Every structure is written in C-alpha cells, then in structure tokens.
Amino acid sequence: MEKILILGAGPFQLPLIKKAKEMGVYVVVIAPHEKYPGISVADKAYFHDAKDEEFAFEVAKKEKVNGVISDQGEIFVRAVAYAAEKAGLPGNPYKTALIYTNKYKMREKSRELGLATIDSRKARTLEETIKAFKEFDGNAIIKPVDSSASRGIFKIENENELRAHFEETMSFSMSGELIIEEFIEGPQLEVNSIAVGGKIKPLMYADLEDFSIPNVFSSKKRLYPSAADKEVVNRLLEYNQKINEGFGMIQGLSHNEYVMDGKTGEIYLIEAALRGGGNFVGSDIAPLQTGLDMEEFLVNVSLGKLQEVPEFEMNQCHCAVVSFYMPYGEIISMDGTDEVESLEYVVNTKFNLFKEGNHTDKISDKRQRCTIVLYGNSRKQILERIEEIKGKLDIKVRTDEGEIRGPIWD
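In this note's numbering, the protein residues as written are 18 to 427.
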C-alpha cells in the first residue's frame with residue numbers, strides 16, 4: 018500500500034487528505050494538535066509543528082512514505098520540499114522553495130532573470146528601513162520577507178508611519194528581516210500554473226479587487242478569467258512563465274500575483290507561491306476552470322506517477338471568490354447562511370469561521386476574512402449573483418460601542 022505524508026490537517030488540506038484516502042493511499046499527517054478536521058480522516062497523525070523541516074523529514078523516513086505534499090498553505094512549502102529532497106522523493110528543490118517563500122529572494126531572482134522588478138530594499142533595523150524609505154520617490158510598502166496571509170504589511174507615506182509600524186512588521190518575520198519597496202498602484206492580476214517534470218503550463222488567470230480597509234491587503238473579489246485585453250493577458254502569461262521557470266519550479270502548483278502599473282502598463286510580480294491558491298482557489302476554482310481534479314493531481318505527482326501535465330482546457334466557466342469581513346464585536350445573528358449555501362451556483366463557503374455568540378477578531382489581515390466560492394456563465398452573471406448573495410446574507414455583530422453592524426464587503 019502506498020503511503021503519503023501530508024503537512025497540515027486544516028480545512029484547506031482536508032480535501033487533499035480525503036482524496037488520498039479515496040485513492041487507496043495510506044495517509045500520515047503532521048499537525049500541531051488534534052482539533053484540526055483532517056486528523057480524524059487520516060490514518061496516522063503526528064502532533065508537532067508542521068513547519069518543522071527536520072521533523073517532517075524524520076517522519077517521512079520513519080514511515081517510509083512514497084511522497085510528501087501539502088496544499089493551500091504557504092507555511093508548509095519549505096518543509097515539503099526539504100523532506101522530499103532529503104528522502105529522495107519527487108518534489109521541488111529546496112533551493113526553489115526558499116525563493117518562493119522569501120519576498121526579497123523573489124525580487125533578487127527576478128532582477129537576475131532580467132525581468133521588470135519592483136524597486137526594493139532588505140532591512141533588519143529601523144535605521145536601515147528609514148534610510149531605504151528616503152531613497153524612494155513617493156510612497157512605499159513594508160512587508161516581512163517570509164510571512165503569509167498578508168500579515169504585517171503596511172503602506173508607508175512618511176517616516177512617522179514607518180516608525181509606528183516597523184515593530185509590528187518585524188514581529189511577523191521569521192528571519193528578522195523585512196522588505197521595503199516602491200508602492201505600485203494599478204490593476205492586480207493572478208496566474209495559477211501546473212507543472213510535471215519541469216514542464217509548466219498556465220491553469221487560469223484572474224482579476225483581483227482589494228478591500229479599501231487601510232493596511233488590509235486582502236482581495237474582496239477574485240474574478241476568473243481576467244477581463245483584461247488579449248495583449249495584457251499574453252504579456253502576463255509570458256512573464257509568469259519566466260518567473261516559474263526561472264525560480265526553478267519542477268512540479269505541483271503555483272499561485273502568483275501581479276500588479277500592472279496604472280501609469281506605464283508595466284507588469285510586476287507582487288509575490289509567487291509554490292502551492293495551490295488558498296481560500297479554495299486551488300481546491301474549488303481550479304477544477305471549475307479546467308475540469309482537473311487538483312487533489313488527485315497533487316497526490317499523483319507527489320507519488321511520482323505522472324510524466325506529463327494532464328490534458329485540460331482553460332476558462333471552462335466564469336468563477337469568483339468573493340469575501341467579506343465582520344466588524345469587531347459579538348456575533349448576534351447568522352441569518353441567511355443556509356440559504357446562501359443552498360444556492361446551486363455556490364460551491365463552498367467559510368461561514369464556519371463565525372458562530373453566534375462568539376466574538377470576532379479585529380481586522381488585520383486575510384485570516385479574519387470569510388469567503389464564498391461561486392460560478393456562472395459570464396462575468397455579468399457572476400456580478401449579479403454576488404449581489405444576490407449580499408442580499409440574502411444577514412450576519413449581525415454588536416460592537417463594543419453597542420452598534421449593530423453587518424458584513425464589510427468593500
């Protein structure tokens with residue numbers, strides 16, 4: 018019986034765990050504790066930090082697994098590559114994983130490849146960061162070099178703002194480094210790709226629309242396929258191909274985000290990820306767009322069963338990931354959730370993020386965001402269906418000031 022090690026057992030890894038079991042594969046997982054939903058589905062679990070690279074390798078060796086994999090989780094990318102490489106199993110090189118999980122290394126490699134690259138600096142101290150900020154002509158943005166879920170990211174317009182946010186940004190950096198770079202304004206785009214044996218193909222591409230909440234860098238809508246004109250899409254896909262090939266992607270999925278400068282039309286990489294898109298992009302949107310079973314693909318590629326990228330057709334329908342936040346306060350009602358989930362065009366939701374009587378978290382990054390995945394026959398129909406969902410959903414929060422407020426969609 019084949020055996021696979023899956024890092025993480027949360028809601029985004031659960032479809033992968035279930036699929037491996039359906040395929041008759043013995044599943045071993047690593048997760049911090051037994052409360053994760055994938056624990057009860059897996060055959061065996063180790064309770065430990067799933068980011069621990071050496072531990073993942075030791076488990077892979079002890080269990081004599083045939084493959085190591087995860088999905089929709091940035092924090093597992095390095096450990097997956099490390100364990101697979103050291104165990105002699107199929108996977109992406111560890112040096113490749115290091116590029117995809119470090120924003121400054123992404124910039125360095127992009128420049129090395131001769132690609133248009135956002136002007137950026139790396140810093141470890143406030144003094145270094147202030148010096149770098151003064152070298153930019155205009156606004157900047159600071160980010161931990163190696164964090165995820167948009168934690169610790171701030172737009173900086175002056176030195177006082179930089180001083181105010183520096184410590185919080187650094188608190189999310191595992192390496193103790195941040196990146197400060199020029200703030201580029203313009204349309205944001207996304208490309209997801211698939212690879213086997215170093216052969217990489219684009220899967221799907223999208224338009225991204227961000228929330229207008231200050232310093233919350235999170236998309237309120239992801240609309241597939243992008244409505245950009247053919248010339249822009251061709252440039253985007255060509256740039257994305259050079260990124261993935263240049264960064265050293267060998268197999269699996271990638272999820273890369275870009276910005277097109279509103280003044281010049283130049284396309285720049287924001288960040289690249291060596292995994293399926295989170296928030297159900299990899300598990301739900303990709304199958305709708307391409308007809309491929311992405312979990313089955315990930316299991317097979319990690320076990321070394323594929324020699325070619327499976328055949329598929331892009332843009333098979335229109336899809337969207339629409340998100341909202343709830344204000345900080347106590348959830349007093351959850352009306353309309355069942356009705357929304359019963360709509361024939363709604364594929365998945367994260368309504369289980371909220372529970373009546375619980376207190377919401379303060380809005381700071383993507384982790385507090387609730388998501389709905391849907392599909393339609395056209396961009397127009399998708400937008401109409403989003404409005405229908407908004408009309409049916411009636412979640413209410415009582416804030417600490419006594420106000421009754423609903424979802425924040427923008």
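Yeah, the Cβ is synthetic: ideal placement off N, Cα and C, and Gly gets one too. None of the values given here were measured: they were computed from a predicted structure.
| request: Mind reading off the beta-carbon distance from I284 to L253? Whole number of angstroms is fine, and I expect it under 8 Å. | output: 6 Å
| message | Using C-beta distances below 7 Å, list every residue in its chain close to F341, excluding the 5 sequence neighbours before and after it, in chain order. | response | C387, P424, I425 and W426
| task | Determine which residues share a DSSP beta bridge with E330 and list them. | result | E330 pairs with nothing; no bridge assigned.
| request: Please confirm if the stretch 62-77 is in contact with the stretch 90-97, defined as three or more CB-CB distances below 8 Å between the two stretches. | output: yes
| message | Between which residues of its own chain and E80 is the CB-CB distance below 8 Å, once the five residues before and five after are set aside? | response | K20, L22, V45 and K61
| Own chain residues within Cβ distance below 8 Å of T186, not counting five before or after | I159, K160, P161, G169, I170, F171 and L195
| message | Which residue marks the beginning of the beta strand (DSSP E) containing I403, and which one marks its end? | response | Unbroken run through I403 is the alpha helix (DSSP H), R396 to K409; no beta strand (DSSP E).
| field | Test item: CB-CB of A157 and I147 under 8 Å | value | no
| Local conformation of E152 per DSSP, three classes | coil
| request: Check whether the stretch 412-424 touches the stretch 334-352, counting contact only when three or more Cβ pairs, one atom from each stretch, lie closer than 8 Å. | output: yes
| query | Under 8 Å, do I211 and V326 count as touching if we go by C-beta distance? | reply | yes
| Sequence-distant residues of the same chain with beta carbon closer than 6 Å to S235, five excluded per side | S167, F228, K383 and R386
| request: Indicate the three-state DSSP secondary structure (helix, strand or coil) for E199 in the structure shown. | output: strand
| Selection from Y392, A100, G393 and N317 that minimises the alpha carbon distance to A13 | Residue 13 lies beyond the stretch modelled for the chain, which goes from 18 to 427, so this question has no answer here.
| query | What is the C-beta distance between A77 and A26, in whole angstroms, given that I count them as a contact (C-beta under 8 Å)? | reply | Wrong, their Cβ atoms sit about 16 Å apart, outside the cutoff.
| query | Would you say the stretch 199-214 touches the stretch 176-185, given that touching needs at least three Cβ pairs under 8 Å? | reply | no
| request: Provide the residue span of the beta strand (DSSP E) that contains E373, from first to last. | output: From DSSP, E373 is part of no beta strand (DSSP E); its letter is neither H nor E.
| Quick one: what does DSSP say E420 is sitting in, helix, strand or coil? | coil
| Rounded distance between the beta-carbons of I217 and V276, thought under 8 Å | Contact flag wrong, Cβ pair sits at about 22 Å.
| said: Within a Cβ cutoff of 6 Å, which residues of the same chain sit near G203, ignoring the five residues on either side of it in sequence? | reply: V276, M277, D278 and G279
| query | Does the Cβ-Cβ distance between S164 and F183 come in under 8 Å? | reply | no
| said: Against chain C, does Q30 count as a neighbour if the rule is that its beta carbon must be under 8 Å from one of theirs? | reply: No chain C is present in this structure, which holds just one protein chain.
| said: By the DSSP assignment, the beta strand (DSSP E) with N209 in it spans what residues? | reply: Q205 to V213
| task | Measure the alpha-carbon distance for N251 versus P28 and round it to whole angstroms. | result | 34 Å
| query | If you count every other CB in all the chains shown that lies within 10 Å of the CB of N257, and 16 or more means buried, which is it? | reply | buried
| task | Answer with buried or exposed for H50, where buried requires no fewer than 16 other C-beta atoms within 10 angstroms of its C-beta. | result | exposed
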